[in-house]
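Here's the structure we're looking at; comments come further down.
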Amino acid sequence: MGHVGPDALALAAQIRAGELSWREASEQAIERIEAENARLNFLVTDCFEQALATPPADGPFSGVPILVKDLTETAGVRTTFSSRAFADYVPTADAAVVRRMKDAGFVVLGKSNTPEFGSTCVTESALNGVCRNPWDTSRTPGGSSGGAAAAVAAGVIPLGHGSDGGGSIRIPASCCGLFGIKPSRGRVSPAPYVSGSLELSQSGPIAWTVRDAAAFLDAIAGYEPGDAHWAPPPGRPFVEEVGADPGKLRIAFTAEPPIPYDVDPRIVGVARRAADALAALGHEVVESSPPWRDEGLLQGFGRLWAIGPALYPGDRTLFEPMNRTLAETAEATASTDYARAVASLQRAARRTVAFWDDVDLVLTPGLAKLPVEVGWIFEPEDPWEQYRRGGEFTPFTP
Numbered sequence: 381m382g383h384v385g386p387d388a389l390a391l392a393a394q395i396r397a398g399e400l401s402w403r404e405a406s407e408q409a410i411e412r413i414e415a416e417n418a419r420l421n422f423l424v425t426d427c428f429e430q431a432l433a434t435p436p437a438d439g440p441f442s443g444v445p446i447l448v449k450d451l452t453e454t455a456g457v458r459t460t461f462s463s464r465a466f467a468d469y470v471p472t473a474d475a476a477v478v479r480r481m482k483d484a485g486f487v488v489l490g491k492s493n494t495p496e497f498g499s500t501c502v503t504e505s506a507l508n509g510v511c512r513n514p515w516d517t518s519r520t521p522g523g524s525s526g527g528a529a530a531a532v533a534a535g536v537i538p539l540g541h542g543s544d545g546g547g548s549i550r551i552p553a554s555c556c557g558l559f560g561i562k563p564s565r566g567r568v569s570p571a572p573y574v575s576g577s578l579e580l581s582q583s584g585p586i587a588w589t590v591r592d593a594a595a596f597l598d599a600i601a602g603y604e605p606g607d608a609h610w611a612p613p614p615g616r617p618f619v620e621e622v623g624a625d626p627g628k629l630r631i632a633f634t635a636e637p638p639i640p641y642d643v644d645p646r647i648v649g650v651a652r653r654a655a656d657a658l659a660a661l662g663h664e665v666v667e668s669s670p671p672w673r674d675e676g677l678l679q680g681f682g683r684l685w686a687i688g689p690a691l692y693p694g695d696r697t698l699f700e701p702m703n704r705t706l707a708e709t710a711e712a713t714a715s716t717d718y719a720r721a722v723a724s725l726q727r728a729a730r731r732t733v734a735f736w737d738d739v740d741l742v743l744t745p746g747l748a749k750l751p752v753e754v755g756w757i758f759e760p761e762d763p764w765e766q767y768r769r770g771g772e773f774t775p776f777t778p
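Per this note's numbering, the sequence shown starts with residue 381, numbered consecutively.
What follows is the structure, encoded as structure tokens:
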């Protein structure tokens, strides 16, 4: 368990140098998958034969094996969204982000586990079962990109594809000891669809190294025809920022989350040590919180979050209780109430973003609790209590 072999860019360099073939790299990854998946359940659908029969494109990650999160459509490969309503769904086309991954040379070996519709912060579902943390299998790897994080943390693949609306890259990265990037809204296209909740959800990397994560973001970012919102391209590739001298930064440190839940003192201690390390590097570190603490934030966020499951066209009787409740809530919400929730969150965002006029970065813990035990989120029968528990575990990321 742990990091096995080179990082993704180094593996691609080995393949280019002829030290091993892309097929050998994929076959080795398949062997690791078959050795670890029964224990961790990170893979829900494989496409090994299809992968080994398709030479990769020539790109920065040519020959590197990867799994695509099971919320993202893949041509000819079952995509279930971890819902019993889509247990047999096989898309006919790749999502744009998958096309970009293939253009970068990735070899897609299958689909990684996720909760139903990605609606909660642990990777557990009635259809695809429980995904476990390779560091401690009694605990969650996080969600909803927990399958990708578990596979990377177990050393099965060097780099994972995730997506993040309310923390679903950052949470499993924290749970599994990895590096994740949740890109800015509009950085990665949701084509051929649109994000159902103000572009909250973005695809991004979960990796062992910052360099791999930055290069992955370079590979998948960019405008697709018809995107309603898109972020302007960076001045230079993200991978060129790795190792570049940032100069002396002004960094605000806070352990006070926007959603007012207590944070485990052990987690605060780790974040504080990170702040001390940054100060030792010569940066100016100040203890200060953005004006983001708000008793109504989780409820307002829930108005947007409920839209996600409501937009899936499947048989609602097959949805899990939390998603059925969210979908029903969305349909019962007046358009004016939804508009008020959106406006309230945008006002909160405006207040928060203004804080960056005075600082370059804000450092916070990733979570409020250590990785919770498998089943903890779903212990209560009340779906809203399950939702509230998610906020208690992850009050920084939504």
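Ideal Cβ positions, reconstructed from N, Cα and C, are used throughout, including at glycine.
Locate the alpha helix (DSSP H) running through residue i, then write down its first and last residues.
{"i": "PHE681", "result": "677-685"}
{"i": "THR716", "result": "715-734"}
{"i": "ASP598", "result": "590-600"}
{"i": "LEU747", "result": "Looking at the DSSP string, LEU747 is not in any alpha helix (DSSP H), and its letter there is neither H nor E."}
{"i": "PHE428", "result": "428-432"}
So, are the CB atoms of residue i and residue j less than 8 Å apart?
{"i": "LEU489", "j": "PRO440", "result": "no"}
{"i": "HIS346", "j": "GLY566", "result": "Absent from the model: residue 346. The displayed extent of the chain is 381 to 778, so no value can be given."}
{"i": "ALA748", "j": "THR774", "result": "yes"}
{"i": "PRO763", "j": "PRO701", "result": "yes"}
{"i": "GLU772", "j": "TYR603", "result": "no"}
{"i": "ARG519", "j": "PRO751", "result": "yes"}
{"i": "ALA571", "j": "ASP598", "result": "no"}
{"i": "PHE633", "j": "ALA655", "result": "yes"}
{"i": "PHE497", "j": "TYR692", "result": "yes"}
{"i": "PRO436", "j": "VAL502", "result": "no"}
{"i": "VAL444", "j": "VAL478", "result": "no"}
{"i": "GLU504", "j": "VAL754", "result": "yes"}
With DSSP as the reference, label residue i as helix, strand or coil.
{"i": "ASN421", "result": "coil"}
{"i": "ILE549", "result": "coil"}
{"i": "PRO386", "result": "coil"}
{"i": "GLU772", "result": "helix"}
{"i": "THR494", "result": "coil"}
{"i": "LEU489", "result": "strand"}
{"i": "ILE413", "result": "helix"}
{"i": "SER525", "result": "coil"}
{"i": "ALA654", "result": "helix"}
{"i": "ASP350", "result": "For the chain, the structure presents residues 381 to 778; residue 350 sits outside this window and is missing."}
{"i": "LEU539", "result": "strand"}
{"i": "GLY688", "result": "helix"}
{"i": "LEU447", "result": "strand"}
{"i": "SER406", "result": "helix"}
{"i": "ASP737", "result": "helix"}
{"i": "SER462", "result": "coil"}
{"i": "PHE618", "result": "helix"}
{"i": "GLY694", "result": "coil"}
{"i": "VAL574", "result": "coil"}
{"i": "VAL502", "result": "coil"}
{"i": "ARG519", "result": "strand"}
{"i": "VAL783", "result": "Look at the range of the chain in this structure, 381 to 778, and you will see that residue 783 is not part of it."}
{"i": "VAL648", "result": "helix"}
{"i": "VAL457", "result": "strand"}
What are the start and end residues of the beta strand (DSSP E) that includes residue i?
{"i": "LYS482", "result": "Unbroken run through LYS482 is the alpha helix (DSSP H), 476-483; no beta strand (DSSP E)."}
{"i": "GLU667", "result": "664-667"}
{"i": "ALA587", "result": "582-587"}
{"i": "ALA710", "result": "First-last for ALA710: 701-712, but that is the alpha helix (DSSP H), not the beta strand (DSSP E)."}
{"i": "ALA632", "result": "630-633"}
If you draw a straight line from the C-alpha of residue i to the C-alpha of residue j, how long is it?
{"i": "ARG769", "j": "ILE757", "result": "6 Å"}
{"i": "ASP426", "j": "ASP740", "result": "42 Å"}
{"i": "HIS663", "j": "ALA657", "result": "9 Å"}
{"i": "HIS383", "j": "GLU761", "result": "Only weak support is given to the placement of HIS383: the predicted model assigns it a pLDDT of 49, under 50, and the value that follows is read from those uncertain coordinates. Roughly 38 Å between the two C-alpha positions."}
{"i": "PRO386", "j": "GLY560", "result": "18 Å"}
{"i": "ALA635", "j": "ILE549", "result": "20 Å"}
{"i": "VAL665", "j": "ALA392", "result": "38 Å"}
{"i": "ALA729", "j": "ALA690", "result": "25 Å"}
{"i": "LEU678", "j": "ARG396", "result": "48 Å"}
{"i": "ILE446", "j": "PRO563", "result": "19 Å"}
{"i": "THR716", "j": "GLU579", "result": "20 Å"}
{"i": "GLU759", "j": "VAL470", "result": "32 Å"}
{"i": "THR744", "j": "GLN408", "result": "38 Å"}
{"i": "GLU667", "j": "ARG630", "result": "11 Å"}
{"i": "SER406", "j": "VAL532", "result": "15 Å"}
{"i": "THR589", "j": "ALA534", "result": "15 Å"}
{"i": "ASP474", "j": "GLY509", "result": "25 Å"}
At a threshold of 7 Å, does residue i count as lining the ligand NAD (C-beta to nearest heavy atom)?
{"i": "THR777", "result": "This structure simply doesn't include the ligand NAD, nor any ligand for that matter."}
Measure from the C-beta of residue i to each C-beta in chain D and report whether the shortest distance is under 8 Å.
{"i": "PHE681", "result": "The structure shown has no chain D; it contains just one protein chain."}
Tell me, please, whether the region 581-588 touches the region 532-550 by the rule of three or more beta-carbon pairs shorter than 8 Å. yes
**Prompt:** Per the contact definition of three or more C-beta pairs closer than 8 Å, is the region 484-503 in contact with the region 520-533?
**Reply:** Using a C-beta cut-off of 8 Å, the region 520-533 makes contact with the region 484-503, since at least three inter-stretch Cβ pairs fall below that distance.
Margin query: I want to know whether the region 409-426 touches the region 510-524 - three or more CB-CB distances under 8 Å.
Written below: yes
- Cβ contact check for the region 676-692 and the region 704-719: 3 or more pairs under 8 Å: They touch, by the three-pair rule.
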